[in-house]
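Read through the structure below, which is laid out as structure tokens, and then see the notes.
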Amino acid sequence: MAVAIRLRPRQREGMSERFATSDPTPGWDIARHPLAARVLHNRKFQFLLIVPNQIVFWTVIFVGLFGTSIPGLNFGAAITWYVWFCLVFVMMVVVGRAWCAMCPFGGFAEWIQRKTFFQRTQKTLGLGRTFPEPLARMGFIIPVVTFLILTWIEEFFNIAGPGNPAATSFMVIGIVATALVFFLTFERRTFCRYICPLTSVIGTIGSMGSVAGFRTRDRDKCVSCETKDCMRGGDDGFGCPWYTWPASADSNLYCGLCTECYKSCSDDNIGLFLQKPLTSVVAPTRRRADVAWAIVLLWGLVLYQQFNALSIYNNFDNWLNTHLHFPHYPNPVAYLGLIGLLALAMAGISWGIAALSARRDVHFERAGGFVDRGSKFRAYFVPVSYGLIPVVGADYFARQLPKFFKSAPRVIPAAQHIFGFAGTNSSLYNTRMLSDSRIIMVQVAVMCLGTMGALWAMWRITNRELVGVSRSALVVRSATLGLVLACGAVAALLYVAIQAAN
Amino acid sequence: MTQNISPGVDVPEVRPSVKILDDRCAGCQECVVRCPTGALSMDSKRWVALEDSTLCVGCRQCERTCPFSAITVEGPMMVGPRIESFPSYPLDFVGDTHEIRSGFTEWTEVLAETDRCLQCPDPTCVRGCPAHNDIPGFIAALRHRDLGGAHEILARTSIIPDICSRVCNQAAQCEGACSWSLAGGTPVAIGRLERFIADSREVPAPKVAHTPEPLSIGIVGSGPAAAGAAWDLVEAGAHVVVYERDQTPGGLCVWGIPDFTLADDIALRPWRQLERAGLELRCEVEIHVQDFDRLLTIHDALIVANGASVPLRLPVPGAELDGVVDATMFLKGAKAALVATGDPQTFRATMGLDGLEEGRRGHVLVLGAGNTAMDVARTARRLGLTATCIDWLDERFALARPDEVAEARHEGVEIRFAHTLTALRGETGRVEHADLARTVQPRADKRPSVVTDDTVELDVDLVVMAMGYRNDPDFVAALQGTPIRRERHGVPDRRWQASGILANPASAYANHNDVGALALKREIGLWAAALPVNERIWAVGDALTGPSTVVEAMAQGRRAARAVLDASPARPEVAQRRYSKWKPRVLICYESVGGKTARAARDIADGFAIHGLVAKALPISKVDTRALASADCLVVGSWVEGFVVAGVGASKSMRTWLEQLPHLGAKPCAIFCTYGISPKGTLDEMRRSLEAAGAAVFAHAAFGPKELSTVGGVFNPESFGGELAGRVATWKVASVPVVA
């Protein structure tokens with residue numbers, strides 16, 4: 050005798066319209082391949098991704114604390130700032146949240162939270178609290194703020210210079226400890242979703258990536274599913290640690306590629322899909338205001354970092370420090386003020402485009418909370434910000450290049466130095482992969498590529514989302530594409546200016 | 115949609131409010147489909163849930179069922195106060211066996227209480243009820259004053275609503291699992307509503323279907339499990355013979371539960387109706403395990419429902435003294451003494467209480483403070499004795515119903531929790547003194563520890579050991595796998611998880627019992643009841659699970675009856691004739707990741723199809739006990755996991771599944787595996803696991819890349835299916851084949 054259950058009918062109306070643009074191509078499901086399926090089903094898969102990084106990062110901590118104080122020769126400082134940061138950006142741009150799948154910070158804390166390295170356990174360690182709703186409502190704002198704070202700390206102590214290698218160790222220990230506290234206090238990967246300084250960067254810039262993440266193969270089946278194992282956990286997998294339902298994911302924003310949903314699904318209805326680059330920038334119909342604010346703040350930060358390499362900024366910072374009695378660069382008022390002003394300037398430009406273009410007969414519905422579009426301003430600001438992602442991503446990537454090209458070979462003598470070999474006289478220690486002028490060329494090329502990507506993305510976004518609500522298609526297209534060009538040009542010119550200043 | 119608030123209750127100033135976390139709401143609709151008031155809907159543009167707090171009644175089902183904790187409810191629960199009724203105690207207990215608890219008497223009370231029910235779309239109360247009564251269904255019928263409809267709804271799942279509504283511990287079952295209770299409020303009085311239905315109109319008698327060649331089923335015992343099984347079998351037209359060792363049927367419901375809780379007239383009602391419907395009742399016939407073979411020659415199947423009848427005894431010094439008896443002896447004797455024609459004095463004399471000093475009433479020490487102990491102590495009070503119950507558990511973790519404990523105390527029973535018996539003493543060969551020691555139990559899951567230096571002496575005239583019962587060891591030896599362990603490893607049933615019954619901490623109303631966990635444990639017994647323990651033998655009730663509850667036993671009995679009817683077993687002499695057109699049902703259970711094993715399973719099914727047999731292929735995640743029970747033959751297949759050098763075997767999921775299989779009662783089974791390089795000992799490992807679960811493995815095959823890629827001509831999954839089909843088709847009934 051079946052239990053008397055009379056669930057209300059599930060709504061399907063509006064579903065296809067909502068997800069039509071963002072659904073990946075069925076043929077691009079790599080989990081259909083038997084070998085890939087076996088690998089992804091294996092519970093040791095993520096563990097094996099994390100372990101090498103775990104070894105490297107504990108080495109970073111140990112060597113940073115107890116190794117040589119010469120930054121370029123200290124393996125901890127060298128691998129973190131010459132190679133790792135650059136590789137993370139490459140991974141973001143190509144894959145999305147690949148780093149999150151192998152992250153040693155979250156991975157370590159998750160092992161402890163789950164009380165296992167890879168098995169499917171039933172009980173977790175810690176309080177398992179829900180993240181406070183008012184904070185969770187802010188979406189990407191907290192992570193972008195933590196990223197700004199971490200960057201300021203890094204600049205203040207010259208950690209990424211790299212300066213004192215021990216500072217790198219303390220920073221890594223600090224992140225691991227914070228992660229552990231959050232993993233033991235809150236449920237799932239609350240830290241990764243709401244706190245981690247990198248999550249806002251990877252989430253936004255990662256949307257350029259060509260991995261759509263784990264998505265449903267048949268949405269109707271997912272909607273009818275009575276158990277939702279991918280969310281609650283099944284026999285073989287935990288419920289999604291990132292609070293993402295593969296049936297309603299419209300981008301790779303919150304897919305941590307941990308494979309848990311794929312393992313949990315008892316219907317084999319989840320696949321790992323590839324997508325064309327920039328799809329997650331262009332395709333989503335539900336754009337989020339918190340993501341938009343994160344993008345403009347990140348844009349503000351990277352421009353600040355370019356700007357502070359100019360002597361004009363140094364003079365300004367020194368002047369401000371003298372008057373505010375702050376010890377040295379970077380002055381927090383200048384830091385936050387400039388970033389805030391740049392972000393507000395972007396918002397202002399969007400407001401201006403909205404004021405210039407928006408049709409008067411269109412009523413902009415006030416719906417949803419902070420994360421959603423709910424006004425005329427947001428109706429322009431949010432999609433325009435998404436369209437800028439390739440420029441922002443390219444700028445961050447370009448900014449990492451000098452360190453990589455100048456100092457990446459130092460990682461080898463630094464590794465040898467742990468075992469007592471090599472030193473500052475090693476040929477690799479003094480090898481540069483590219484000259485300064487060539488680095489500038491590469492940076493400008495990267496910015497051009499990013500700007501082209503952004504032009505394409507902005508064109509698609511504008512046509513789909515802004516032309517319909519604007520009085521003149523020509524005006525709105527010109528304004529948004531012009532903004533992209535201006536942003537790309539400013540960033541590229543700043544690289545040239547930095548070189549000239551040097 | 116209207117808000118559910120009882121008439122006459124003012125709408126509170128502060129209303130409940132729902133908050134949906136837009137950032138995290140995935141639009142899965144788990145809350146929307148379960149909201150009883152329609153306060154939640156979907157925003158199709160954003161694909162997130164949308165709330166309407168004006169419709170919210172604060173039941174917090176959405177909060178419990180949201181997989182991502184994306185929804186919170188604040189504010190009061192908008193439900194009226196529960197309509198209570200209080201026990202009616204007699205002025206003088208001695209000799210009085212009238213029922214203490216009363217039900218609803220007026221329709222106005224009933225209608226007010228039914229108004230408190232939310233008619234939850236996914237009713238947790240239904241899951242909390244061991245029989246899965248359609249509680250919202252019968253409450254809806256009551257709202258329309260439709261007693262016939264309510265009976266009809268109850269009859270689908272329960273044949274003893276009159277008994278269950280009196281003896282069930284609703285606080286740990288349906289009422290404990292009521293949405294209001296899970297939300298921290300007071301549940302709907304489900305038990306008393308059920309009782310009102312049963313008391314207002316007699317439970318409808320079984321409707322007997324006529325079949326040309328009825329099954330002949332023997333049932334050992336006549337407790338609630340036997341009644342449940344007999345009811346469904348009689349209704350299906352089977353010829354049912356019940357063997358009962360006592361003079362009257364009813365088992366524990368009659369001799370074990372005193373009249374002041376459950377009157378004999380009510381306890382015997384199902385048996386009266388069953389006898390009228392044609393059931394053959396053979397009382398004073400004791401069945402031993404040696405009789406099984408003989409019974410199987412005259413019956414097509416045997417259902418063992420003889421309960422757990424061996425009383426537990428505390429092995430303390432002095433336990434062998436006169437005046438130390440068990441609860442069965444006491445309750446049976448007291449029951450006979452307290453009827454109108456009974457003689458309490460003779461019973462007192464039998465118990466050795468006739469020679470007491472003048473003015474001394476006789477003091478009974480009852481070991482245990484569960485429901486049986488309470489029954490013993492309260493019965494002792496009705497015999498004019500004084501009674502003390504001792505239990506080594508802390509009162510916070512007591513096993514008895516809180517209302518039962520309160521009633522016993524009201525009747526003058528002294529209950530000492532956190533005490534244990536260390537010795538019994540008596541200088542004349544009869545027990546006179548009991549030494550009690552204090553115990554300490556800090557947590558419910560911690561065994562109490564005895565404080566040896568804190569003892570007291572108690573003068574006693576009779577000691578009744580009422581700590582519980584265990585199964586008859588002879589039956590345990592004969593019925594493989596009984597009593598089953600009601601433990602399940604791995605993730606709990608996900609439909610139960612989805613309902614939210616497992617999401618909450620233990621409810622205060624349910625005396626801090628975790629009602630969801632309890633319900634799931636009971637479910638294991640219900641699943642196991644569908645499978646035979648031996649060929650043509652099913653075990654149900656306490657015989658299957660060890661001591662449990664009346665409603666659980668009844669539900670298991672019904673589940674087993676349906677399994678028997680589904681399996682249609684036959685004794686050898688009629689098998690040939692009855693099943694000339696019988697076609698075995700084959701279930702292929704497989705575990706696949708890359709798709710090869712799934713394809714092999716489908717090919718095997720095709721092999722069966724070529725021979726005209728229907729084989730159903732299901733991934734193991736979808737194979738439940740019902741599917742297992744309704745299959746006459748199993749084919750189990752797995753992919754091979756591991757590396758040749760490091761050891762290979764069946765996949766982890768398959769191994770876990772095999773470990774958790776219920777007892778398969780000699781079900782015929784074939785096994786196969788798919789491998790890349792070598793299967794090594796995979797098939798042997800699977801065979802061992804299946805045989806440990808009681809299956810009879812009769813064929814096996816391993817398919818490598820070569821076999822999987824060939825089509826026709828050589829040995830491949832399809833030809834394996836064909837071979838199996840050839841063998842299975844020769845069976846006349848579901849029986850253990852000769853292992854090949």
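So the protein lines, in turn, are chains A and B.
Under our numbering, think of the first position of the first sequence as 50, with each following residue one higher.
Under our numbering, think of the first position of the second sequence as 115, with each following residue one higher.
All C-beta atoms in this analysis are idealised placements derived from N, C-alpha and C, irrespective of residue type, glycine included.
For clarity, every value in this text was computed on a predicted model and none was experimentally measured.
Is it buried or exposed for residue i, if we count other Cβ within 10 angstroms and need 16 for buried?
i	result
B:H413	buried
B:K766	buried
A:G517	exposed
A:K452	buried
B:D568	exposed
A:H466	buried
A:Q171	exposed
A:W148	buried
A:I361	exposed
B:S183	buried
Alpha carbon to alpha carbon, how far is residue j from residue i? Give it in angstroms, no decimals.
i	j	result
B:V852	B:E649	Low confidence applies to B:V852: its pLDDT is 36, below 50, so where it sits in the model is not reliable, and the reading given next is rough at best. For B:V852 and B:E649, the distance between alpha carbons rounds to 14 Å.
A:T217	A:W107	12 Å
B:V850	B:G298	Residue confidence is low: B:V850 scores 41 on pLDDT, short of 50, so the model does not pin down where it sits. No coordinate-derived value is stated.
B:S336	B:G365	5 Å
A:N91	B:L658	38 Å
B:M443	B:G466	13 Å
B:G614	B:C149	12 Å
B:I311	B:A643	28 Å
B:A764	B:D738	20 Å
Let me know the secondary structure DSSP gives residue i once reduced to three states.
i	result
A:D78	strand
A:H377	coil
B:S330	strand
A:N363	helix
B:F200	coil
A:I344	helix
B:V570	strand
A:M569	This structure leaves residue 569 of chain A out entirely; chain A is present only between 50 and 551.
B:T500	strand
A:C536	helix
B:M443	helix
A:R336	coil
B:M579	strand
B:V128	coil
A:F180	coil
B:R599	coil
So residue i and residue j are in contact, right, with Cβ under 8 Å, and what is the actual spacing, rounded?
i	j	result
B:A448	B:L410	Not confirmed; about 38 Å, so no contact.
B:C503	B:G482	7 Å
B:L545	B:L535	The sequence given here has Val at residue 545 of chain B, not Leu. Between B:L535 and B:V545 the Cβ distance is about 11 Å, and since that is not below 8 Å, they are no contact.
A:L302	A:G252	5 Å
A:A383	A:A403	Not really, about 30 Å apart at Cβ, beyond 8 Å.
Is it the case that the CB of residue i approaches a heavy atom of the ligand COA more closely than 7 Å?
i	result
A:W505	No copy of the ligand COA appears in this structure; indeed no ligand is present at all.
Handout entry: Segment contact, 8 Å Cβ cut-off, at least three pairs: the region 778-787 of chain B with the region 741-749 of chain B
Key = yes
Exercise for the section: May I ask you to verify whether the region 152-169 of chain A touches the region 235-243 of chain A, counting CB pairs closer than 8 Å and requiring at least 3? Expected result: yes
Exercise for the section: Indicate whether the contact test is met: 3 or more Cβ pairs, each with one atom in the region 269-289 of chain A and one in the region 320-340 of chain A, closer than 8 Å. Expected result: no
Problem - Three or more C-beta pairs below 8 Å linking the region 203-215 of chain B and the region 287-302 of chain B - result: no
Handout entry: Three or more C-beta pairs below 8 Å linking the region 371-381 of chain A and the region 199-218 of chain A
Key = yes
Practice task
Report yes or no: do three or more beta-carbon pairs, one from the region 457-474 of chain A and one from the region 497-510 of chain A, lie closer than 8 Å?
Solution key: no
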